[in-house]
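Have a look at the structure below, then the notes.
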């Protein structure tokens, strides 16, 4: 799993929505980046993760904080493609850029999800201005904690970082299961 | 619009999910029927309507109260077909029977939705033991009110009904719009 | 404890607020009665019980349903007397009649609370039109369930009652403890 | 009204609860200070303000952030004295230090409330490490915003502050009125 204090590797994206041009993490240096990995049919994403991402977008300026969605589908691929996702984003009024995670040639789990070691959806990563991971959490993040972390990172000039990631007490299971909090990907 | 105190005409359903055999309203006489019309990409349905339908299902016995979903799609047809709906029902753990409203040959609005004059999704209809409409509401219904209506209807021997439908103060608009409460179908 | 299917004995009240004249359960025959026992400094009462009582008051007509508060103080007597309670009811905009449970001469627990065997606050009792207890619950009651019970009782002509009380899984403890759900009185 | 970018004058407190010794703002330099002004019978304080103060207390270390309550009573003085407040704090499990605002000799509004120009309760002030006001708001503050402000202030070495206070759009009225958001003090 991509750890706190590591530089986040580039996203591997098949298609970008809600943006005229492809994004790269490198181009976002100098801004705090909030990356929400979700699936359009994941209840925890719809009920908690995406509303929080929208609240972050509404509260901070785009100049300071970049909010990016990553559609990391590891099940139901046939019915959650780009056209379905576009309809979903339209109905839920999600306006920030969303990248569709690049499919693997040999695996249900797409490439960024694999590279980052995401445990499932929703997963949120917060990167500092230098692109270093300061939070990597599967499941729900408290609004006040999210605000505090972003506020701390915004105040930093240079990436002298000591914010601790919130540890998750979930344990991996053998088959994908969704509950109100999230959907875990299957163990490999 | 199908009015309170009218007998609900039969559902026109293309495919039934979560049930071994097709349902008819006629076969449900003697039970209170709660019919939730929804679309899988309608935020108001996902946030309010369907959770309430699940709460009704959990609170009353199947012998007393039938809970039925009706997937009444009037937009995004291409990405909300039977396979997509099956994945949605699986992820949201919706186990009561759901009928897919029969498509019209010449109109985006499917047949039961037209016949009932549904204004949009979520719409909920509550039928008494005689199949007579006792509530027909577009948008959100308060849980206590829903409970009170079902409780009243359950206590009835014969359909001497005087429960008033809650009037809605929404007005129709010219184009389909979703907000947190629901999605209105376009005017015709 | 006052059981379901028993006739509720009369309230023993020291002072009535929000009503010009004293109430008696006998005078309320023919109406469903919702009786909320609370303490003004009980968090569960303030957060859940009293808002639900206000919702019942707002939803049903006074002709059909009587909502009554009972201030059953078993601790902090010195600072929760009639004047304090009046200020509380004013600030929380509670307008239904509230009786102050008659103090015991030899016990912290007041008389109605003793006679009814209330386990603590909030406790809610629902009486049918004949004054028979149909629900006696310590702690939180679901809004839909409350609505369903009232609706059922309203539909009854005569008190042929079979509604089951919701059993509580709390166990009594030796000392009064408040949590988010309620305050339990001490064991005797 | 005490403005953003002003140094907060010292609290004028009659009695301190939940602390062995009196606090002074001067002694808290170097920490971020979150000051919640409340009344024990103010619904907005009980429902929103105090739970947020408790969440701040739970999220940040006492070494970094001081959370202080200020009981600023401007009505119902007779029933909200120190003994009543102690019972309230006990039942609501509020453990951070709470000062009772010093009564005025000639006015219902106590001294700190007057000196700070508080509009009513709940009011929250956030002071940076140098004791300079960075937020002064009457009514509800969003959790994410509160977190972001504290996070920003924690990251600061020296008090070079540019965080803007959230402007409130409430207007003063002639008589004290409580609603779900708060209680406004009367105009003078």
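Protein chains in written order, with this note's numbering: chain A, 1 to 188; chain B, 189 to 376; chain C, 377 to 564; chain D, 565 to 752.
For glycine and all other residues, C-beta sits at the position ideal for the given N, C-alpha and C.
Practice item. Kindly identify the DSSP beta-bridge partner or partners of residue 297 of chain B. Key: Note: residue 297 of chain B sits in no beta bridge, so no partner.
Check your understanding: Taking contact to mean at least 3 C-beta pairs separated by less than 8 Å, is the segment 276 to 292 of chain B in contact with the segment 38 to 45 of chain A?
Key -> Per the Cβ contact rule, the segment 276 to 292 of chain B is in contact with the segment 38 to 45 of chain A (3 or more Cβ pairs under 8 Å).
Check your understanding: Along chain B, which residues have their Cβ under 7 Å away from the Cβ of residue 525 of chain C?
Key -> Neighbours of residue 525 of chain C in chain B, taken as residues whose beta carbon is under 7 Å from its own, are 339 in chain order.
Point to revise | Alpha-carbon to alpha-carbon, residue 704 of chain D and residue 744 of chain D | key: Looking at the two C-alpha atoms, the distance is approximately 10 Å.
Exercise for review: Select from the segment 570 to 593 of chain D all residues with a C-beta closer than 9 Å to any C-beta belonging to chain C, and list them in chain order.
Suggested key: Those residues of the segment 570 to 593 of chain D that come within reach of chain C (Cβ to Cβ, closer than 9 Å) do not exist; the list is empty.
Check your understanding: Helix, strand or coil for residue 203 of chain B per DSSP?
Key -> The answer is strand: DSSP assigns residue 203 of chain B an E or B state.
Point to revise | residue 519 of chain C, enclosing alpha helix (DSSP H) - first and last residue | key: First-last of the alpha helix (DSSP H) with residue 519 of chain C: 519 to 531.
Check your understanding: Of all the CB atoms in chain C, is at least one closer than 8 Å to the CB of residue 238 of chain B?
Key -> Closer than 8 Å: no.
Review point. Pairing CB atoms from the segment 59 to 68 of chain A with CB atoms from the segment 294 to 310 of chain B, are three or more of them under 8 Å?
Key: They do not touch, by the three-pair rule.
**Study point:** Local conformation of residue 555 of chain C per DSSP, three classes
**Key:** DSSP places residue 555 of chain C in the coil class of the three-state scheme, outside both helix and strand.
**Study point:** Buried/exposed call for residue 355 of chain B, threshold 16 Cβ in 10 Å
**Key:** Annotation note: pLDDT 36 at residue 355 of chain B (below 50); position unreliable, coordinate value reported separately. Sixteen is the threshold: since fewer than 16 other Cβ atoms of the shown chains lie within 10 Å of the Cβ of residue 355 of chain B, the residue is exposed.
Practice item. Only counting runs of 4 or more residues, tell me where the alpha helix (DSSP H) segments fall wholly within the segment 17 to 91 of chain A, in order along the chain. Key: You should have 50 to 59, 82 to 91.
Check your understanding: Should residue 231 of chain B be flagged as near chain A, meaning a C-beta pair shorter than 8 Å?
Key -> Yes, because at least one Cβ of chain A sits closer than 8 Å to the Cβ of residue 231 of chain B.
Point to revise | Sequence-distant residues of the same chain with beta carbon closer than 8 Å to residue 481 of chain C, five excluded per side | key: Shown here for residue 481 of chain C: not one same chain residue has a beta carbon closer than 8 Å to its own, the five before and five after excluded.
Review point. Secondary structure at residue 114 of chain A, three-state DSSP: helix, strand or coil?
Key: Here residue 114 of chain A carries a helix assignment [DSSP, helix/strand/coil].
Review point. Since residue 311 of chain B is in the beta strand (DSSP E), which residue starts that stretch and which ends it?
Key: Its beta strand (DSSP E) spans residues 311 to 315.
Check your understanding: Since residue 566 of chain D sits in a beta bridge, which residues does DSSP pair it with?
Key -> Partner(s): none; residue 566 of chain D has no beta bridge.
Exercise for review: Consult DSSP for residue 198 of chain B and reduce its assignment to one of helix, strand or coil.
Suggested key: Collapsing the DSSP output to three states places residue 198 of chain B in coil.
Review point. Is it a yes or a no for the segment 75 to 82 of chain A touching the segment 263 to 276 of chain B, going by three-plus beta-carbon pairs under 8 Å?
Key: A contact between stretches requires three or more CB pairs, one per stretch, nearer than 8 Å, and the segment 75 to 82 of chain A meets this requirement with the segment 263 to 276 of chain B.
Exercise for review: With 8 Å as the threshold, decide whether the Cβ of residue 642 of chain D is near any Cβ in chain C.
Suggested key: Yes, residue 642 of chain D counts as interfacial toward chain C.
Practice item. Measure the CB-CB distance between residue 7 of chain A and residue 132 of chain A and report whether it falls below 8 Å. Key: Taking 8 Å as the Cβ cut-off, residue 7 of chain A and residue 132 of chain A qualify as a contacting pair.
Check your understanding: Taking Cβ-Cβ distances below 9 Å as the criterion, which residues of the segment 252 to 281 of chain B are in contact with chain A?
Key -> Answer in chain order: 263, 264, 266, 267, 268, 269, 271, 272, 273, 274, 275, 276, 278, 279, 280, 281.
Exercise for review: Report the rounded CA-to-CA distance for residue 400 of chain C versus residue 311 of chain B, giving the unit in angstroms.
Suggested key: CA-to-CA, the gap between residue 400 of chain C and residue 311 of chain B works out to about 43 Å.
Check your understanding: So, are the CB atoms of residue 189 of chain A and residue 2 of chain A less than 8 Å apart?
Key -> Any answer about residue 189 of chain A is impossible in this case: the structure gives chain A only from 1 up to 188.
Review point. Does residue 156 of chain A have its Cβ less than 8 Å from a Cβ in chain D?
Key: Taking CB atoms only, residue 156 of chain A has a neighbour in chain D less than 8 Å away.
Check your understanding: If you compare alpha carbons, which of A/33, A/120, A/114, A/70 is closest to residue 146 of chain A?
Key -> Ranking the options by Cα distance to residue 146 of chain A, first place goes to A/33.
**Study point:** Neighbour-count burial assignment, residue 585 of chain D, 16 or more Cβ in a 10 Å radius
**Key:** Exposed, since its Cβ has fewer than 16 Cβ neighbours within 10 Å.
Practice item. Decide if residue 372 of chain B is buried, meaning its Cβ has at least 16 other Cβ atoms within 10 Å, or exposed. Key: Burial call: buried.
Exercise for review: Work out the CA separation of residue 240 of chain B and residue 412 of chain C for me, nearest whole Å.
Suggested key: Roughly 25 Å separates the two Cα atoms.
Point to revise | Buried/exposed call for residue 237 of chain B, threshold 16 Cβ in 10 Å | key: So residue 237 of chain B ends up on the buried side.
**Study point:** Residues that residue 53 of chain A contacts on chain D, provided the C-beta gap is smaller than 7 Å
**Key:** Chain D residues near residue 53 of chain A: none, gap ~11 Å exceeds 7 Å.
Practice item. Please report the residue range of the beta strand (DSSP E) in which residue 475 of chain C lies. Key: Taken as a continuous stretch (DSSP letters only), the beta strand (DSSP E) holding residue 475 of chain C covers 474 to 477.
Exercise for review: Using the DSSP secondary-structure output, state which residues sit across from residue 695 of chain D in a beta bridge.
Suggested key: DSSP, once it has assigned bridges, lists no residue as partnering residue 695 of chain D.
Point to revise | residue 339 of chain B to residue 527 of chain C span [Cα, whole Å] | key: Their Cα atoms are separated by approximately 5 Å.
Point to revise | 6 Å Cβ shell around residue 756 of chain D - same chain, five flanking residues per side excluded | key: Nothing can be reported for residue 756 of chain D: it is not among the residues displayed for chain D, which extend from 565 to 752.
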